[in-house]
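Going line by line, the protein sequences match chains A and B. At the far end of the first sequence sits residue 735, using the working numbering, and the numbering has no gaps. At the far end of the second sequence sits residue 314, using the working numbering, and the numbering has no gaps. Note that CB positions come from ideal geometry on N, CA and C, so glycine has one too. Remember, it's a predicted structure, so these values are computed and weren't measured experimentally. Notes follow once the structure below has been shown.
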Amino acid sequence: MRFALADLSIQIGHIRFNNPVFVASGTFGYGTENKELVDVSKLGAIVTKSITLNPREGNPPPRLVETPSGMINSIGLANIGVDKYISDMLPVYEGIGTPIIMNIAGSSMDEYISVLEKIESVSSAIVGYEINISCPNVKEGGMQFGIDCSMTESLTSALRKRTEKLLIMKLSPNVTDISSIATSAENGGADAVSAINTVVGMSIDHKTAKSNIYTTFGGLSGPAIKPIGLACVHKVFHSITIPIIGIGGIVNTGDVVEYILAGAKAVQVGTANFRDPGICVKILNNLDLYINKHNITLNNLIGSVKQYD
Amino acid sequence: MIIENAMIVSNVEIAIGIWQMTLLAPEVSSHYKGPGQFINILSADSWEHPVRRPMSIANVNGENINIIYKIFGNVTQQLSQKVPGDSLNILGPLGNVFTGWKTKRTVLLGGGVGLAPILNLYESCPNSTLIIGARTADEHFMEHEPGKNIFLTTDDGSLGVAGNVLTVLENLDFNDQIIIYACGPKPMLKAIQHFAAKNSVKAQLSVESYMGCGLGLCQGCVIERQNEQMKKHSYHEKYTLVCMDGPVYWSNEVCFG
Numbered sequence: 427m428r429f430a431l432a433d434l435s436i437q438i439g440h441i442r443f444n445n446p447v448f449v450a451s452g453t454f455g456y457g458t459e460n461k462e463l464v465d466v467s468k469l470g471a472i473v474t475k476s477i478t479l480n481p482r483e484g485n486p487p488p489r490l491v492e493t494p495s496g497m498i499n500s501i502g503l504a505n506i507g508v509d510k511y512i513s514d515m516l517p518v519y520e521g522i523g524t525p526i527i528m529n530i531a532g533s534s535m536d537e538y539i540s541v542l543e544k545i546e547s548v549s550s551a552i553v554g555y556e557i558n559i560s561c562p563n564v565k566e567g568g569m570q571f572g573i574d575c576s577m578t579e580s581l582t583s584a585l586r587k588r589t590e591k592l593l594i595m596k597l598s599p600n601v602t603d604i605s606s607i608a609t610s611a612e613n614g615g616a617d618a619v620s621a622i623n624t625v626v627g628m629s630i631d632h633k634t635a636k637s638n639i640y641t642t643f644g645g646l647s648g649p650a651i652k653p654i655g656l657a658c659v660h661k662v663f664h665s666i667t668i669p670i671i672g673i674g675g676i677v678n679t680g681d682v683v684e685y686i687l688a689g690a691k692a693v694q695v696g697t698a699n700f701r702d703p704g705i706c707v708k709i710l711n712n713l714d715l716y717i718n719k720h721n722i723t724l725n726n727l728i729g730s731v732k733q734y735d
Numbered sequence: 058m059i060i061e062n063a064m065i066v067s068n069v070e071i072a073i074g075i076w077q078m079t080l081l082a083p084e085v086s087s088h089y090k091g092p093g094q095f096i097n098i099l100s101a102d103s104w105e106h107p108v109r110r111p112m113s114i115a116n117v118n119g120e121n122i123n124i125i126y127k128i129f130g131n132v133t134q135q136l137s138q139k140v141p142g143d144s145l146n147i148l149g150p151l152g153n154v155f156t157g158w159k160t161k162r163t164v165l166l167g168g169g170v171g172l173a174p175i176l177n178l179y180e181s182c183p184n185s186t187l188i189i190g191a192r193t194a195d196e197h198f199m200e201h202e203p204g205k206n207i208f209l210t211t212d213d214g215s216l217g218v219a220g221n222v223l224t225v226l227e228n229l230d231f232n233d234q235i236i237i238y239a240c241g242p243k244p245m246l247k248a249i250q251h252f253a254a255k256n257s258v259k260a261q262l263s264v265e266s267y268m269g270c271g272l273g274l275c276q277g278c279v280i281e282r283q284n285e286q287m288k289k290h291s292y293h294e295k296y297t298l299v300c301m302d303g304p305v306y307w308s309n310e311v312c313f314g
């Protein structure tokens with residue numbers, strides 16, 4: 427029996443995406459490296475790695491270690507800087523066939539604004555910005571914004587004034603109350619929030635008594651953090667009205683459905699891309715079957731997790 | 058590069074804790090460029106170990122790829138339990154290749170798990186001097202044959218030359234027509250780098266690194282370049298990606314900290 431293709435399209439702000447499965451920042455490069463292995467035009471959107479005002483070499487190695495059902499990274503926002511990004515990457519995005527969401531990181535309000543204004547001053551295929559206010563691995567990663575409500579709100583509203591494009595604030599789980607940060611992002615004028623960034627973690631080699639990561643602390647990702655991601659999305663769902671993009675440990679279609687049930691409108695797949703850059707396309711094919719089989723719409727699923735009496 | 062479900066043809070222990078696996082991989086083998094390249098393997102479908110493991114290619118014969126691995130942790134343990142007919146998901150071939158060996162005299166050094174690419178290169182240049190180091194005789198699977206320029210070393214002196222690969226290297230006669238090729242643990246590569254600089258000998262080193270993807274996406278596998286002219290703000294001048302730029306580097310290109 428053949429099904430018609432399900433309508434997987436979703437709306438965030440004024441942008442219509444063909445489907446809700448995006449690739450997460452830092453796990454798909456600038457978006458063009460994987461063309462050999464994946465049909466990127468199938469993806470809902472590509473969120474680029476974080477771009478900063480100046481180029482960054484990133485942290486010294488070791489930068490990465492596997493942990494049970496996850497991994498810890500401390501890359502340190504290695505990137506080419508916004509000027510080279512404009513000259514080298516923006517032209518490549520023309521005709522890529524996938525919405526590009528540019529992730530921006532900064533260490534000050536001015537840096538975020540400068541990067542965004544530089545992109546706004548040129549014409550590009552970028553449909554929106556995801557603002558990294560939650561990188562746990564570098565002092566300059568914007569984490570001071572992501573843990574403070576008033577700074578989150580003022581940064582969001584400063585950026586909102588300067589762009590009509592989609593504005594997504596990426597939230598950290600490493601806070602006492604993620605709902606209040608999400609509310610600040612909404613009050614500042616964000617179109618959506620994405621949650622979660624990596625969870626602060628540490629890994630030690632007991633044989634050498636050394637940390638497995640140069641910077642001692644790093645960001646834990648992968649299936650190990652899925653329960654944390656689900657909980658954060660569900661908490662945020664009850665406190666804001668703008669869409670939530672769920673992130674954290676998604677490796678299959680079931681995980682996508684769980685995030686939507688928890689309150690997400692779209693999702694991002696991160697660490698799983700490292701193992702299989704084609705995994706999002708597989709997830710999408712199965713999501714299509716799931717929607718057809720259960721005769722449901724994505725919108726009706728959002729936040730509809732059943733509670734015990 | 059390609060992702061392929063390869064079929065395991067054989068999987069045998071060739072020395073204590075050291076295994077050789079032959080994979081039928083028509084797709085990946087057809088893209089193979091030469092000694093130095095590697096594949097990233099998945100030991101299981103489960104997500105208990107989410108990250109692929111890099112394994113140097115020890116040999117490509119038609120559609121068959123050989124790897125040699127040492128039992129080190131859960132993943133290599135799982136690998137050793139696989140039997141002919143099982144499948145193994147592999148990504149590859151990845152990385153660059155050893156160069157210059159066709160025209161020069163060569164000395165090849167392998168230590169620990171760094172045997173595979175060196176044995177691969179040895180098949181292409183069998184007139185090389187081959188030096189293989191291990192801790193004990195149990196970890197060796199070749200014969201110590203100085204008459205054929207094959208030297209085995211052991212830390213405890215239980216087989217071949219007592220000492221490490223440097224013990225043999227330091228007693229060889231060198232001239233500028235010789236290139237050293239080496240793969241092994243970081244302290245060994247650091248010592249060879251030092252030897253090459255001191256004796257003005259060229260050396261290519263195959264570097265090992267933690268790796269998240271093998272595709273340049275995660276930026277996790279970097280090592281530091283030797284680069285005195287680095288700009289204050291730069292990108293990929295201070296560090297190089299082992300998965301894409303390596304794993305083979307000239308000894309004066311990289312720093313081992």
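Query	Result
Amino acids of chain A, ordered along the chain, whose beta-carbon sits closer than 9 Å to that of Ile280/B	Pro487
Closer than 9 Å to chain B by CB, Phe454/A	yes
Chain B contacts made by the region 692 to 706 of chain A, where a contact means CB separation under 9 Å	Thr697, Ala698, Asn699, Phe700, Arg701, Asp702, Pro703 and Gly704
Cβ neighbour criterion (16 or more within 10 Å) applied to Gln437/A	exposed
Buried or exposed by the 16-neighbour rule on C-beta atoms within 10 Å, applied to Arg482/A	buried
Cβ-based contacts, 7 Å cut-off: residues of the region 226 to 250 of chain B near chain A	none
Any chain B beta carbon closer than 9 Å to Gly627/A	no
Separation of Pro488/A from Cys278/B, as counted between CA atoms	8 Å
Enclosing beta strand (DSSP E) for Gly168/B [first to last residue]	Arg162 to Gly168
Which residues DSSP lists as bridging Ala471/A, in chain order	Phe448/A
Closer than 9 Å at the beta carbon, the chain D residues around Val305/B	This model lacks chain D altogether, as its protein chains are A and B.
Three-state class that DSSP yields for Leu434/A in the structure shown	coil
Coarse secondary structure for Phe643/A, derived from DSSP in three states	strand
Lys468/A versus Ser263/B - alpha carbon distance	37 Å
Neighbour list for Lys295/B in chain A, Cβ cutoff strictly below 7 Å	Glu483
Amino acids of chain B, ordered along the chain, whose beta-carbon sits closer than 8 Å to that of Ser513/A	Going along chain B, no residue has its Cβ under 8 Å from Ser513/A, so there is no contact; the nearest lies around 13 Å.
Lys596/A - containing beta strand (DSSP E), residue span	Leu592 to Leu597
Option in Met268/B, Gly214/B and Thr210/B with minimal Cα separation from Leu99/B	Met268/B
DSSP state of Leu710/A mapped onto helix, strand, coil	helix
Ser610/A - containing alpha helix (DSSP H), residue span	Ile604 to Asn613
Residue range of the beta strand (DSSP E) that includes Asn623/A	Careful: Asn623/A lies outside any beta strand (DSSP E) and carries neither H nor E.
N-terminal and C-terminal residue of the beta strand (DSSP E) that Tyr306/B is part of	Val305 to Trp307
Ile594/A versus Ala618/A: straight-line alpha-carbon distance, rounded	5 Å
Chain-order list of residues whose beta-carbon lies under 6 Å from that of Leu176/B (same chain, five-residue window excluded)	Ala115
Backbone secondary structure at Ala260/B - three-state DSSP	strand
Asp433/A, buried or exposed, once every other Cβ within 10 Å from all chains shown has been counted against 16	exposed
Minimum Cβ-Cβ distance from Leu469/A to chain B less than 9 Å	no
Neighbour flag for Glu537/A against chain B, beta carbons, 9 Å	no
Contact residues within the region 99 to 110 of chain B, judged by C-beta distance below 8 Å to chain A	Leu99, Trp104, Glu105, His106, Pro107, Val108 and Arg109
Tyr555/A - containing beta strand (DSSP E), residue span	Ile552 to Asn558
When Leu503/A, Ile651/A, Glu612/A and Val464/A are compared against Ser665/A, the one with the closest alpha-carbon	Glu612/A
Cβ pair count under 8 Å reaching 3, the region 522 to 532 of chain A against the region 468 to 478 of chain A	yes
Chain-ordered neighbours of Glu459/A on chain B, where CB pairs are closer than 8 Å	Leu272, Gly273 and Leu274
Other residues of its chain near Met427/A: CB distance less than 8 Å, five sequence neighbours each side excluded	Confidence in Met427/A is poor, its pLDDT being 47 and thus under 50, which makes the residue's placement unreliable; the coordinate value appears in the next sentence. Around Met427/A: no qualifying Cβ.
Meets three-Cβ-pair contact criterion under 8 Å: the region 687 to 704 of chain A and the region 437 to 456 of chain A	yes
Closer than 9 Å to chain B by CB, Val444/A	Checking the sequence, you will find Asn at residue 444/A rather than Val. Answer no: the Cβ-Cβ gap between Asn444/A and chain B never drops below 9 Å.
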